[in-house]
Amino acid sequence: MSAPIEDYALIGDLETAAMVGRDGSVDWLCLPRFDSPACFAALLGTEGNGSWRIAPVGTRARLRRRSYRADTLVLESEWSDGGGTVRVVDFMPPRTRWPCLVRIIDGLSGTTRLRSTLRLRFHQGRVLPWIRAVQGFTVAVAGPDAVWVHADGPVGAPGRTDPMECDFTVAAGDRVALMLVWSPSHLPEPPAPLGVPAEALLKETVDLWRRWTAKCRYEGPYRDAVVRSLITLKALTYAPTGGIVAAPTTSLPGSIGGEHNWDHRYCWLRDSALTLSCLLRSGYRDEATAWLEWLARAVAGDPAEIQTVYGVAGQRLLPETEAPWLAGYAGSRPVRFGNSAVDQFQLDVYGEVLDAFSLSLRVGVPLPDHVWSLVDAMMDFVLDHWREPDQGLWQVRGPRRQFVHSKVMAWVAADRALRMGELLGRSGSSQRWRAMRTQVHRQVCRKGWDPVRRSFVKAYGSPELDASALLIPRLGFLPARDERVRETVRAVRGLLDGGFVRRYTPDEQEIRGGLQGADLACSLWYADALAASGEVEQAREMFHRVLAVRNDVGLLSEQWDPDAGRQLGNAPQAFSHIALVETAYALSSTGSHPSVGLGRRSDSA
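Those letters in the sequence shown? Residues 662 to 1266, per the working numbering, in order.
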């Protein structure tokens, strides 16, 4: 049986990430970067699809506790087996050239017998490697990939069979270090990290994260949760280019056994812009500069051809394929790699990007001339296309509709472009933008408001509720005290399920594909809207409810199943952690906060 999604902790090196289970097994790792093929894919199948478990041997072995070392992404797990206690320290050091996964075992008391079981399966958990010895190291090779394995301390080298297995004993005061390093298979020499002591790599990793977290300027009552979320968001940043992935995993289901299984290892403009806004607000400007440069490269050309999602290097082709050799998490199939959302038209993305530009400028990040040219070009496109239907915030794979949130975000695009023009002294197109902003506002208030339901709704002509309407006051479209906003907040109570908020009422097709859980970001938007309308205590109750469903190391996935009491969807999910930070700021400032756009990826992508 698949372990619960909340059993997994994240470690990473700002270029890729691994998922480590409570049983001591690394069950997910793509090398050399987030969107590369996986070499550990047990998360979506069985241990035979690739994993690396280190744990005490015997029936008395148990995990006593685990946590991240303070202000870092270094995971510490304390185990006992009745005869002794050990601490396993898992981390990925910052890259010099090649990715490296280090697992250090420290003996704390008595004597503990442990076993390391390493199964490498390249090309999405499918290809068994050729294993051999080279210069005292064990090397596993398949196609373009090579993984070098090294053990240091009172432990023999892993065997050259599959699985690569070794038993060893750790007494109090002993330290054992095992290291896995990827490099291209055509290079004959051992990669450089193998020659660096594990203690030095650990110190370098701890220092990197603590220097970064020290810049955080949030000082409110939820600092621990905010810092953990910010570290998680930083861990989803691809350092070489500045791209930001939505999650490090693919195909973790929105419904157990269902078909809502999507690949989130890519850079949605929406999610990236929101992550950037969240980091900027917390005092991190370097990420903004890097992301602006990534964006300019990724969207170069005709704004009509701007995609909703790109690869971490800015690549446009992300063909969606299925992996029938993987059984799927808890039998949830198909397992997908790639994402066909690249072909969707999502109008709201333009507003998200321009909102991020505006915020960057307001906090002092300079916008180069070519970025302003991009603003101008994007607004030309929005002016011509804002009346058209699109796939919307939730990226529904079906007919395009006149989604209310998409229109609101078209208003945001014009509003933020006007603000930037005023700050930069560029007013060439301001008259057209101002006219469009007025037109969109009037249309949304007329066609997006349902006088019978007394709420803003999902799409023009539809009576359906949509949690995205909760963002209207935060975006600055209407004030929180506006009676239409208050009525909408009250109406959204109809989306509550077990104390959490669903995105919208599912239709028959979605139910047939598996009824998904409540959305954690939407639940936090509800808390924001309550706080902004003066219902602060109710807002805090909702916020604490979401905090309570984080896993033991503070991570959130995409959704929560209130009936089964478990996390659902890809994890950790940037969008959930963005919303957590924003709500913490809102509650820490008695409900007041600047307009920062929020959107979300989707049920279907």
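Note that the Cβ used here is the ideal one computed from N, Cα and C, for glycine as well.
(message) One question on the structure: do residue 830 and residue 815 come within less than 8 Å of each other, judged by their Cβ atoms?
(response) Locating residue 830 in the sequence shown gives position 169, where the first residue counts as 1. Locating residue 815 in the sequence shown gives position 154, where the first residue counts as 1. Between residue 830 and residue 815, the CB-CB gap stays under 8 Å.
(request) Determine, using beta carbons only, whether residue 1184 and residue 1203 come nearer to each other than 8 Å. (result) Here residue 1184 corresponds to residue number 523 of the sequence shown, with the count starting at 1. Here residue 1203 corresponds to residue number 542 of the sequence shown, with the count starting at 1. Using a Cβ distance threshold of 8 Å, residue 1184 and residue 1203 count as a contacting pair.
(request) Provide the residue(s) that pair with residue 727 in DSSP beta bridges, ordered along the chain. (result) The count along the sequence shown starts at 1 and reaches residue 727 at position 66. Secondary-structure assignment with DSSP links residue 727 through a beta bridge to 738.
(message) Taking its Cβ as the centre, do 16 or more other Cβ atoms sit within 10 Å of residue 1120, making it buried, or is it exposed?
(response) Residue mapping note: residue 1120 aligns to position 459 of the sequence shown, counting from 1. Around the beta carbon of residue 1120, 16 or more other beta carbons sit within 10 angstroms, so the residue counts as buried.
(message) So, under 8 Å CB-CB, residue 1268 and residue 863 are touching, yes? Tell me the CB distance rounded to an integer number of Å.
(response) Residue 1268 is absent from the model: the chain starts at 662 and stops at 1266.
(message) Could you compute how far the alpha carbon of residue 1169 sits from the alpha carbon of residue 1126?
(response) Reading the sequence shown from its first residue, position 508 is the one you call residue 1169. Reading the sequence shown from its first residue, position 465 is the one you call residue 1126. Low confidence applies here, because residue 1169 scores a pLDDT of 49, under 50, leaving its location unreliable; read the following figure in that light. For the pair residue 1169 and residue 1126, the Cα-to-Cα distance works out to about 16 Å.
(request) Would you kindly work out how many angstroms separate the C-alpha atoms of residue 709 and residue 992, rounded to a whole number? (result) For this step, residue 709 is matched to residue 48 along the sequence shown. For this step, residue 992 is matched to residue 331 along the sequence shown. Straight-line Cα distance between these residues: approximately 15 Å.
(message) According to DSSP, simplified to helix, strand and coil, what is residue 967?
(response) Indexing the sequence shown from 1 puts residue 967 at position 306. In the structure shown, the three-state DSSP call for residue 967 is coil.
(message) Can you tell me where the alpha helix (DSSP H) holding residue 1030 begins and where it ends?
(response) Position 369 of the sequence shown holds residue 1030. For residue 1030, the enclosing alpha helix (DSSP H) covers residues 1030-1046.
(message) Counting C-beta neighbours from all protein chains within 10 Å, is the total for residue 982 16 or more, i.e. buried, or is it exposed?
(response) Position 321 of the sequence shown holds residue 982. By the neighbour-count rule (16 or more Cβ atoms within 10 Å), residue 982 is not buried but exposed.
(request) Find out if the Cβ-Cβ distance for the pair residue 888, residue 898 is shorter than 8 Å. (result) Within the sequence shown, residue 888 is the residue found at index 227, counting from 1. Within the sequence shown, residue 898 is the residue found at index 237, counting from 1. No, the Cβ-Cβ distance between residue 888 and residue 898 is not below 8 Å.
(message) Can you give me the C-alpha to C-alpha distance between residue 1024 and residue 844, rounded to a whole angstrom?
(response) As a working note, residue 1024 is residue 363 in the sequence shown. As a working note, residue 844 is residue 183 in the sequence shown. Approximately 40 Å between the Cα atoms of the pair.
(request) Throw me the rounded Cβ distance for the residue 892 and residue 836 pair, which I believe falls under 8 Å. (result) If you number the sequence shown from 1, residue 892 lands on position 231. If you number the sequence shown from 1, residue 836 lands on position 175. Wrong, their Cβ atoms sit about 26 Å apart, outside the cutoff.
(message) By alpha-carbon positions, which one of 1032, 1005, 1186 and 1002 ends up nearest to residue 1015?
(response) Indexing the sequence shown from 1 puts residue 1015 at position 354. Of the candidates 1032, 1005, 1186 and 1002, the one whose C-alpha sits nearest the C-alpha of residue 1015 is 1032.
(message) For residue 1133 and residue 1100, what's the separation of their Cα atoms in angstroms?
(response) Counting from 1 along the sequence shown, the entry for residue 1133 is found at position 472. Counting from 1 along the sequence shown, the entry for residue 1100 is found at position 439. Distance between the alpha carbons of residue 1133 and residue 1100 is about 17 Å.
(message) Counting beta carbon pairs with one atom in the segment 947-958 and one in the segment 877-884, are three or more of them shorter than 8 Å?
(response) Touching, no, given that fewer than three Cβ pairs across the two stretches are closer than 8 Å.
(request) Excluding the 5 residues preceding and the 5 following residue 769 in the sequence, name in chain order all residues of the same chain whose CB lies nearer than 7 Å to its CB. (result) By 1-based counting over the sequence shown, the position of residue 769 is 108. Apart from sequence neighbours up to five positions away, the residues of its chain that approach residue 769 with a beta-carbon distance below 7 Å are 746, 747, 748 and 833, ordered along the chain.
(message) One question on the structure: do residue 1036 and residue 1018 come within less than 8 Å of each other, judged by their Cβ atoms?
(response) Walking along the sequence shown from the start, residue 1036 turns up at place 375. Walking along the sequence shown from the start, residue 1018 turns up at place 357. Cβ atoms of residue 1036 and residue 1018: closer than 8 Å.
(request) Compare the beta carbon distance of residue 842 and residue 854 with 8 Å and say whether it is the shorter of the two. (result) Taking the sequence shown and counting its residues from 1, one reaches residue 842 at position 181. Taking the sequence shown and counting its residues from 1, one reaches residue 854 at position 193. Taking 8 Å as the Cβ cut-off, residue 842 and residue 854 qualify as a contacting pair.
(message) Less than 6 Å between C-beta atoms, sequence neighbours within five positions excluded: which residues of the same chain meet that for residue 828?
(response) Residue numbering aside, residue 828 sits at position 167 when the sequence shown is read from its first letter. Result list for residue 828: 776, in chain order.
(message) Rounding to the nearest angstrom, what Cα-Cα distance links residue 1130 and residue 787 in this structure?
(response) As a first step, residue 1130 is located in the sequence shown; it is residue number 469 there, counting from the start. As a first step, residue 787 is located in the sequence shown; it is residue number 126 there, counting from the start. Approximately 43 Å between the Cα atoms of the pair.
(request) Below 8 Å on the Cβ atoms is my guess for residue 1178 versus residue 1221; work out the distance and round it to an integer in Å. (result) Residue numbering aside, residue 1178 sits at position 517 when the sequence shown is read from its first letter. Residue numbering aside, residue 1221 sits at position 560 when the sequence shown is read from its first letter. With 8 Å as the limit, residue 1178 and residue 1221 qualify as a contact, their Cβ atoms being about 5 Å apart.
(request) Using three-state DSSP, classify residue 877 as helix, strand or coil. (result) Your numbering for residue 877 matches position 216 in the sequence shown. Note: residue 877 maps to coil in three-state DSSP.
(message) Can you look up residue 1115 in the DSSP assignment and give me helix, strand or coil?
(response) In the sequence shown, the residue the question calls residue 1115 occupies position 454. Coil, per DSSP.
(message) Check for me: the beta strand (DSSP E) holding residue 672 runs from which residue to which?
(response) For the purposes of this step, residue 672 is identified with residue 11 of the sequence shown, where counting begins at 1. Per DSSP, the unbroken beta strand (DSSP E) holding residue 672 starts and ends at 670-673.
(message) Can you tell me where the alpha helix (DSSP H) holding residue 1021 begins and where it ends?
(response) For the purposes of this step, residue 1021 is taken as residue 360 along the sequence shown, with counting starting at 1. Counting along the chain, the alpha helix (DSSP H) containing residue 1021 begins and ends at 1009-1023.
(request) Go to residue 746, then tell me how far its alpha helix (DSSP H) extends in each direction, as first and last residue. (result) If you number the sequence shown from 1, residue 746 lands on position 85. No alpha helix (DSSP H) contains residue 746, which is instead part of the beta strand (DSSP E) from 745-752.
(message) Measuring only the C-alpha atoms, how far is residue 1048 from residue 1055?
(response) Your numbering for residue 1048 matches position 387 in the sequence shown. Your numbering for residue 1055 matches position 394 in the sequence shown. Going by the C-alpha atoms only, they are around 18 Å apart.
(message) How far does the alpha helix (DSSP H) with residue 942 in it extend, from its first residue to its last?
(response) In the sequence shown, residue 942 corresponds to position 281, counting from 1. Unbroken alpha helix (DSSP H) run through residue 942: 930-942.
(request) Grab me the residues of residue 1191's own chain with a C-beta within less than 6 Å of its C-beta, minus the 5 sequence neighbours each way, in chain order. (result) As a working mapping, residue 1191 is identified with position 530 in the sequence shown. Here the set comprises 1199 and 1200.
(request) Give every residue of the same chain whose Cβ lies closer than 6 Å to the Cβ of residue 693, excluding the five residues on either side of it in the sequence, and list them in chain order. (result) Position 32 of the sequence shown, counted from the start, is the residue given in the question as residue 693. For residue 693, where only same-chain residues beyond five positions count, the Cβ hits under 6 Å are 760 and 843.
(message) Going by beta-carbon coordinates alone, are residue 1012 and residue 1073 separated by less than 8 Å?
(response) Residue mapping note: residue 1012 aligns to position 351 of the sequence shown, counting from 1. Residue mapping note: residue 1073 aligns to position 412 of the sequence shown, counting from 1. Yes. Within cutoff.
(request) Report the rounded CA-to-CA distance for residue 927 versus residue 824, giving the unit in angstroms. (result) Taking the sequence shown and counting its residues from 1, the one referred to as residue 927 is at position 266. Taking the sequence shown and counting its residues from 1, the one referred to as residue 824 is at position 163. Residue 927 and residue 824: Cα-Cα distance of roughly 31 Å.
(message) Which residue marks the beginning of the beta strand (DSSP E) containing residue 1006, and which one marks its end?
(response) Position 345 of the sequence shown holds residue 1006. Residue 1006 -> no beta strand (DSSP E), and no H or E assigned at all.
(message) Assuming contact is defined by CB atoms lying nearer than 8 Å, are residue 1189 and residue 1244 in contact in what I supplied?
(response) Residue numbering aside, residue 1189 sits at position 528 when the sequence shown is read from its first letter. Residue numbering aside, residue 1244 sits at position 583 when the sequence shown is read from its first letter. Contact flag set, yes.
(request) Measure the Cβ-Cβ separation of residue 782 and residue 711 and say whether it is below 8 Å. (result) Here residue 782 refers to the residue found at position 121 of the sequence shown. Here residue 711 refers to the residue found at position 50 of the sequence shown. Remark: C-beta atoms of residue 782 and residue 711 approach each other more closely than 8 Å.
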